[in-house]
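The opening position of the sequence shown corresponds to residue -4 in my numbering, with each subsequent residue numbered one higher. Virtual Cβ for every residue (Gly too), placed ideally from N, Cα, C. Worksheet: the structure to be examined is printed underneath.
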Amino acid sequence: MSNTINVNGKERYYEAAPTDIDVENFRKVVTSRRSVRKFTTKPIPQQVLDDCLDMALLAPCSSGLQQWEFYVVRSADKKAKLVKACMSQLAAKTAAELIVCVARTDRVDEFAKKMLREWPMPDVPPLVKRYYQLIPYNYSSGPLNSFAYAKKAAFALGGLVAAVPRGPYTKSEVELWAAKSTALACENLVLAFRAHGFDTCMMEGFDAARVSKLLNLQDGAFPIMVIGAGERADDGVFWPQVRFDRKLFIHEV
């Protein structure tokens, strides 16, 4: 439910958080998600695939710029080539669906303007408008990263007296920025498949150059993973999950 609420005499947007979420069912989705290496021949219904992709698109993303694309490879010829580009992994060969997850850095300017055009409230706050007007400059690295290094030096000086954003500046840093948001959408996607009773394998072992050529990706678009999806075969999980002691990862400071 979406509405407005009065806070300190000002009308603010209000979106109530649902209170009926079943934590144990969510835990079951998370804990039963495995990297499945072998699938059955059962197809994934189109409505399930569409629902999972729609949930992927709801993932958090930096500045709301939605730096992702998903290519569902349906052509038999392209699918065969994609399997080879994935080193002919069993997860790729047996998957009912192969989805290439692509990060984009070339639509920042376009999507910043699109955000202002499609702002969901009657008026765009001045600070928000200014922010999206500046975004294309924030993520531009310039020829041979020339603009990036100038920005980096300027922010380093500013950082001597106050907290400042430390990037992304260079082309590779901007690519990492886009990849991080895209990876969040990928996690949404695999959890959505699990909730629907299907399984996935997130593959990073692939020839990125061949995959880019197969999909005719232009500069500023690059694949970060290939997701195989389908029904888990009885022997589709090869061994129990290994997780190290949580003390290695969880810290209180």
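Through-space distance from F188 to R32, alpha-carbon basis: Against the sequence shown, residue 32 aligns to sequence position 37. Against the sequence shown, residue 188 aligns to sequence position 193. Taking the straight line joining both Cα atoms gives about 15 Å.
Whole-Å CB distance - A224 paired with E64, under 8 Å assumed: Working through the sequence shown from its first residue, we reach residue 224 at position 229. Working through the sequence shown from its first residue, we reach residue 64 at position 69. With a Cβ gap of about 17 Å, A224 and E64 do not count as contacting.
Sub-8 Å separation of I222 and C96 beta-carbons: Working through the sequence shown from its first residue, we reach residue 222 at position 227. Working through the sequence shown from its first residue, we reach residue 96 at position 101. Against a cut-off of 8 Å, the Cβ pair of C96 and I222 comes out as a contact.
Opposing strand residues paired with D17 [DSSP bridges]: In the sequence shown, counting from the first residue as 1, residue 17 sits at position 22. In the DSSP output, where bridge partners are listed per residue, D17 has none listed.
Three-state secondary structure (DSSP) of R29: Here residue 29 refers to the residue found at position 34 of the sequence shown. Coil.
Check whether K166 and S136 have beta carbons under 8 Å apart: Your numbering for residue 166 matches position 171 in the sequence shown. Your numbering for residue 136 matches position 141 in the sequence shown. Yes.
Length of the line joining the Cα atoms of E170 and A98: Stepping through the sequence shown from its first residue, residue 170 is reached at position 175. Stepping through the sequence shown from its first residue, residue 98 is reached at position 103. Going by the C-alpha atoms only, they are around 8 Å apart.
Spatial neighbours of F106 in its chain, beta-carbon cut-off 6 Å, leaving aside the 5 residues before and after: The residue labelled residue 106 in the question sits at position 111 within the sequence shown. L60.
M82 in three-state terms, based on DSSP: Within the sequence shown, numbered from 1, the residue matching residue 82 stands at position 87. Correct three-state label for M82: coil.
Which listed residue (G192, V206, R125) has its alpha carbon closest to that of K79: In the sequence shown, counting from the first residue as 1, residue 79 sits at position 84. Ranking the options by Cα distance to K79, first place goes to V206.
From Q213, I0, D15, residue whose alpha carbon lies closest to that of Y8: One-based indexing of the sequence shown puts residue 8 at position 13. Of the listed residues, the one whose Cα sits closest to Y8 is I0.
Simplified DSSP assignment, three categories, for N(-2): Here residue -2 corresponds to residue number 3 of the sequence shown, with the count starting at 1. It is a strand residue.
Chain-order list of residues whose beta-carbon lies under 8 Å from that of G4 (same chain, five-residue window excluded): Within the sequence shown, residue 4 is the residue found at index 9, counting from 1. Nothing listed; no residue qualifies.
Local conformation of M50 per DSSP, three classes: Your numbering for residue 50 matches position 55 in the sequence shown. Three-state result, M50: helix.
Chain B within 8 Å of R22, Cβ atoms only: Included in the structure is just one protein chain, with no chain B present.
Sequence-distant residues of its chain with Cβ nearer than 6 Å to M50 (five each side left out): Here residue 50 corresponds to residue number 55 of the sequence shown, with the count starting at 1. Hits under 6 Å: N183, A187.
Cβ shell of M(-4) (< 7 Å), same chain only, five flanking positions each side left out: Within the sequence shown, numbered from 1, the residue matching residue -4 stands at position 1. Summary for M(-4): the model assigns pLDDT 47, below 50, so the residue's position carries little reliability, and this model does not support an answer.
Cβ pair A90, F34 closer than 8 Å: Within the sequence shown, residue 90 is the residue found at index 95, counting from 1. Within the sequence shown, residue 34 is the residue found at index 39, counting from 1. Yes, they are a contact pair.
Helix, strand or coil at C181 [DSSP, three-state]: In the sequence shown, the residue the question calls residue 181 occupies position 186. C181: helix per DSSP, three-state reduction.
Simplified DSSP assignment, three categories, for W172: Within the sequence shown, the letter at position 177 stands for residue 172. In the structure shown, W172 sits in a helix (DSSP, three-state: H, G or I).
Assumed close pair K76, L179 - CB separation to whole angstroms, cut-off 8 Å: By one-based count along the sequence shown, residue 76 stands at place 81. By one-based count along the sequence shown, residue 179 stands at place 184. K76 to L179, Cβ: 28 Å. No contact.
Cutoff 7 Å; reference I130; Cβ partners in own chain excluding five residues on either side: As a working mapping, residue 130 is identified with position 135 in the sequence shown. Only S58, V103, A107 meet the Cβ criterion.
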